[in-house]
Amino acid sequence: MNTFKFGADSSPDDADSVSTDAAELASHMNHCASSHSRFFFVHSALQSAHGALSPRIVTVAALATLGLALALIMLA
22 MNTFKFGADS
32 SPDDADSVST
42 DAAELASHMN
52 HCASSHSRFF
62 FVHSALQSAH
72 GALSPRIVTV
82 AALATLGLAL
92 ALIMLA
């Protein structure tokens, strides 16, 4: 993280914070662009489903079991 230095002495060895920030932003943008592959939307949907269902795993398992049991009863 860049910090602001007080004082009038600016040595030429100090890194230019604007160009450093711009380089870091460009690196971040390139990383984000490369992470959006063909299956990005599938991955995003699976992450959303995992976030919504994982706290309720027992309920989801019970509903899945109940649904399977009802389907087997309907087919019999």
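Okay, so the sequence shown: first residue is 22 according to our numbering, each after it adds one. Here a beta-carbon is modelled for each residue, glycine too, at the ideal position from N, C-alpha and C.
Keeping to the same chain, check which residues put their C-beta closer than 8 Å to that of residue i; ignore five residues upstream and five downstream.
i     : result
Leu89 : none
Glu45 : none
Ser55 : none
Would you grab the beta carbon distance between residue i and residue j for me? Rounded to a whole angstrom, and I think it's under 8 Å.
i     : j     : result
Val81 : Leu74 : 5 Å
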